[in-house]
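> Sharing a structure, written as structure tokens. Questions coming.
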Amino acid sequence: MKSILLALAAFSLPVFSAEPLKVGSPAPKLQTGEWIQGEPVKEFAKDKVYVVEFWATWCGPCVATIPHLDELHEEFKDKGVVFIGQNVWEQDTAKVKPFVAKMGEKMSYRVALDDVSAEKKGFMAVNWMQAAKQNGIPAAFVVAKDGNIAWIGHPATLKKEMIQLALDGKPLTAAVKGEAKPEMDEDAIVKVLEEKGPKLEEAIEGKDWDAATKLLGEIEKLPGIGDQLAPAAVLISIGKNENEAIAKQMDKVLAGPAAQVPQMLNQLAWGIATEMKEPSKDSLAAALKAANKAVEVTKSSEPAILDTLARILFMQGDKEGAIKTQIKAVDEAGDGLKESLQETLKSYKDGKLPPAN
Numbered sequence: 000m001k002s003i004l005l006a007l008a009a010f011s012l013p014v015f016s017a018e019p020l021k022v023g024s025p026a027p028k029l030q031t032g033e034w035i036q037g038e039p040v041k042e043f044a045k046d047k048v049y050v051v052e053f054w055a056t057w058c059g060p061c062v063a064t065i066p067h068l069d070e071l072h073e074e075f076k077d078k079g080v081v082f083i084g085q086n087v088w089e090q091d092t093a094k095v096k097p098f099v100a101k102m103g104e105k106m107s108y109r110v111a112l113d114d115v116s117a118e119k120k121g122f123m124a125v126n127w128m129q130a131a132k133q134n135g136i137p138a139a140f141v142v143a144k145d146g147n148i149a150w151i152g153h154p155a156t157l158k159k160e161m162i163q164l165a166l167d168g169k170p171l172t173a174a175v176k177g178e179a180k181p182e183m184d185e186d187a188i189v190k191v192l193e194e195k196g197p198k199l200e201e202a203i204e205g206k207d208w209d210a211a212t213k214l215l216g217e218i219e220k221l222p223g224i225g226d227q228l229a230p231a232a233v234l235i236s237i238g239k240n241e242n243e244a245i246a247k248q249m250d251k252v253l254a255g256p257a258a259q260v261p262q263m264l265n266q267l268a269w270g271i272a273t274e275m276k277e278p279s280k281d282s283l284a285a286a287l288k289a290a291n292k293a294v295e296v297t298k299s300s301e302p303a304i305l306d307t308l309a310r311i312l313f314m315q316g317d318k319e320g321a322i323k324t325q326i327k328a329v330d331e332a333g334d335g336l337k338e339s340l341q342e343t344l345k346s347y348k349d350g351k352l353p354p355a356n
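Residue 155 in numbering that gives the first Met the number 0 is what sits at position 156 of the sequence shown, and the numbering runs on without skipping anything.
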């Protein structure tokens, strides 16, 4: 548990830079990879408004937002607004083209892969998402006719009225009721995090779930935090046995920076499988997503992570898959862990779920 909290603390603190990309900043250049659909856009035209939305096929919230974006695209495609579905952080880019083809008319706007020729993380991911402190997808940028960024946010909150404001050359956030939010001083943000972050860790470690829930809600309100605290939300739901919340929270975890921290993913998955009284089918499915992602990031080389995946598979009724995965765990294990993993393997072969170690 403690290792999760330490990793969580690292993700709770936004990294501030001297010149972050924000509303009013000149939009970075477009440097995409292959254009999957639609006419390529090489640069921003002065007479058009652009909506650049960052997404991936594996991201559930991204897929859920596509119909809304397509509706906006249909509304404004002949009025000088260009929509670009900018794929980033894709686990397998070969899946993008068939995904877009399957979506058909439900995803009719332009779609492009990221350019990873010189930047492994992707040019667009680094120079747009990372530069703007956007650590989760989906995320959208509206580029005004003057070439400056007019809005940054979750695409589900992008409204027709806001796009019209951009076409009219007016600020999006200041003129739309409820959208404008005063920026919080960075020193004030850090001060709140330094005060409440350790208290959140203590509450989770002490299993004071009511206090943890309250503190989490207070911290999540800070600008720049967004879904970075999703791992804490999963931990709290595990502790409170809230099956109905875990699947949605895990989607946020996998769409954020924690998706690249296999140890955290593994412990979240293990927690669902071993600490919940009765994990539901949906909760086990969420644990499976986290475990599979951890296995992918570690390239099937970590026996403890493979052990977690095997346990979840067995709990889902996939005895054959559990045995196969546990054999891999045994093969990867050193002498200190091999015996324990072999005992677990024997239990699976005997059709029994072993006690959690």
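We put the CB at the ideal spot given by N, CA and C, even for glycine.
1) Could you check where the beta strand (DSSP E) with Gly205 kicks off and where it finishes?
2) Measure the CB-CB distance between Asp306 and Leu340 and report whether it falls below 7 Å.
3) What three-state label does DSSP hand Lys345 in the structure shown?
4) Jot down the residue ranges of each uninterrupted alpha helix (DSSP H) in the region 246-315, minimum 4 residues, whole runs only, in chain order.
5) By alpha-carbon positions, which one of Val260, Asp281 and Ala231 ends up nearest to Ala211?
6) Which residues does DSSP list as the beta-bridge partners of Gln85?
7) How big is the Cα-Cα spacing for Ile304 and Ile271?
8) With distances taken from CA atoms, which of Lys159, His153, Leu157 and Ala149 is nearest Lys169?
9) Who are the near neighbours of Phe98 in its chain, counting only those whose CB is closer than 8 Å to its CB and skipping five residues on each side?
10) Is there contact between the region 89-109 and the region 43-63, where contact requires at least three CB pairs shorter than 8 Å?
11) For Ala174, which residues from the same chain have a beta carbon less than 8 Å from its beta carbon, with the 5 sequence-adjacent residues on both sides left out?
12) Do you know how far the Cα of Glu219 is from the Cα of Leu71?
13) Beta carbon of Glu52, beta carbon of Leu29: below 7 Å?
14) Does the Cβ-Cβ distance between Lys276 and Asn240 come in under 7 Å?
15) For Ile148, which three-state DSSP category applies?
16) Beta-carbon within less than 7 Å of Leu312's beta-carbon, same chain only, minus the 5 sequence neighbours each way: which residues are those?
17) State the beta-bridge partners of Val80 as determined by DSSP.
18) For a test of the three-state rule: what should DSSP assign to Ala138, helix, strand or coil?
19) Go through its chain and collect everything with a Cβ distance to Tyr347's Cβ below 8 Å, but skip five positions before and after it.
20) Apart from the five residues on each side of it in sequence, which residues of its chain come closer than 7 Å, Cβ to Cβ, to Met128?
21) By the 10 Å Cβ neighbour count, where 16 or more other Cβ atoms means buried, how is Gly103 classified, buried or exposed?
22) Among Lys119, Gln85, Lys159 and Lys144, which one has its Cα closest to the Cα of Glu74?
23) Exposed or buried, what is Thr343 when buried is set at 16 or more other beta-carbons lying within 10 Å of its beta-carbon?
24) Using a Cβ-Cβ cut-off of 8 Å (strictly less than) and excluding sequence neighbours within five positions of Lys21, which residues of its own chain qualify?
25) Rounding to the nearest angstrom, what Cα-Cα distance links Lys345 and Val294 in this structure?
26) So the candidates are Lys298, Ala355 and Gln315; which of them puts its Cα closest to the Cα of Glu331?
27) Between Ala286 and the rest of its own chain, which residues show a CB-CB distance below 6 Å, the 5 nearest in sequence each way excluded?
28) Please classify Asn126: is it buried, with 16 or more other beta-carbons within 10 angstroms of its beta-carbon, or exposed?
29) May I ask you to report which of helix, strand or coil DSSP gives Ala143?
30) Could you check the C-alpha separation between Lys76 and Phe122 for me, to the nearest Å?
31) The alpha helix (DSSP H) spanning Glu73 covers which residue range?
32) Among Glu274, Asp281 and Val260, which residue has its Cα nearest to the Cα of Glu301?
33) Determine, using beta carbons only, whether Asp113 and Ala124 come nearer to each other than 7 Å.
34) In three-state DSSP terms, what is Lys351?
35) Round the Cβ separation of Val48 and Val141 to the nearest angstrom and send it over; I've been treating them as touching at under 8 Å.
36) Comparing alpha-carbon positions, which option in Ile35, Trp34, Thr31 and Ser236 lies nearest Ser279?
On the basis of the supplied data:
1) Unbroken run through Gly205: none, as it is neither H nor E.
2) Yes, the Cβ-Cβ distance between Asp306 and Leu340 is below 7 Å.
3) Three-state DSSP puts Lys345 in a helix.
4) Residue ranges of uninterrupted alpha helix (DSSP H) with 4 or more members, entirely inside the region 246-315 and ordered along the chain, are 261-274, 280-296 and 302-314.
5) The candidate whose alpha carbon is nearest that of Ala211 is Ala231.
6) DSSP output for Gln85 lists Phe53 and Ala111 as bridge partner(s).
7) Their Cα atoms are separated by approximately 14 Å.
8) The shortest Cα separation from Lys169 among Lys159, His153, Leu157 and Ala149 belongs to Ala149.
9) Excluding residues up to 5 positions away in sequence, Thr56 lie with their Cβ nearer than 8 Å to the Cβ of Phe98 in the same chain.
10) Contact holds: three or more Cβ-Cβ distances are below 8 Å.
11) Note on Ala174: pLDDT 48, under 50, position unreliable in the model; the coordinate value appears next. Cβ neighbours of Ala174 beyond the five flanking positions: Leu164.
12) Going by the C-alpha atoms only, they are around 29 Å apart.
13) Cβ distance not < 7 Å, so Glu52 and Leu29 don't count as in contact.
14) Against a cut-off of 7 Å, the Cβ pair of Asn240 and Lys276 comes out as a contact.
15) Strand at Ile148.
16) Within the same chain, and ignoring the five residues on either side of Leu312 in sequence, the residues whose Cβ sits closer than 7 Å to its Cβ are Gly320, Ala321 and Thr324.
17) As DSSP reads the structure, Val80 sits in a beta bridge with Val48.
18) Three-state result, Ala138: strand.
19) The beta carbon of Tyr347 lies closer than 8 Å to those of Ala309, Phe313, Lys318, Ala321, Ile322, Gln325 and Pro353 in the same chain, with the five residues before and after it left out.
20) Its chain contains Phe53, Val87 and Ala138 as the residues whose beta carbon lies nearer than 7 Å to that of Met128, once the 5 sequence neighbours on both sides are disregarded; these appear in chain order.
21) Gly103 comes out exposed.
22) Looking at the Cα atoms, Lys159 is the closest of the given residues.
23) By the 10 Å Cβ count, Thr343 comes out buried.
24) In chain order, Ala131, Ile148 and Ile151 place their CB closer than 8 Å to the CB of Lys21, counting only its own chain and leaving out the 5 sequence neighbours on each side.
25) Roughly 22 Å separates the two Cα atoms.
26) When the alpha-carbon of Glu331 is set against those of Lys298, Ala355 and Gln315, the nearest one is in Lys298.
27) So the list reads Ala268, Ile271, Ala272 and Ile311, once near-sequence residues are dropped.
28) Under this definition Asn126 is a buried residue.
29) The three-state reading of DSSP puts Ala143 in coil, since its state is none of H, G, I, E or B.
30) Computed Cα separation, rounded: 26 Å.
31) Glu73 -> alpha helix (DSSP H) spans Gly59 to Phe75.
32) Of the residues Glu274, Asp281 and Val260, the one whose Cα lies closest to the Cα of Glu301 is Val260.
33) Closer than 7 Å, so yes.
34) Three-state DSSP puts Lys351 in coil, outside helix and strand.
35) About 7 Å separates the two Cβ atoms, so the contact holds.
36) For Ser279, the nearest C-alpha among the options comes from Ser236.
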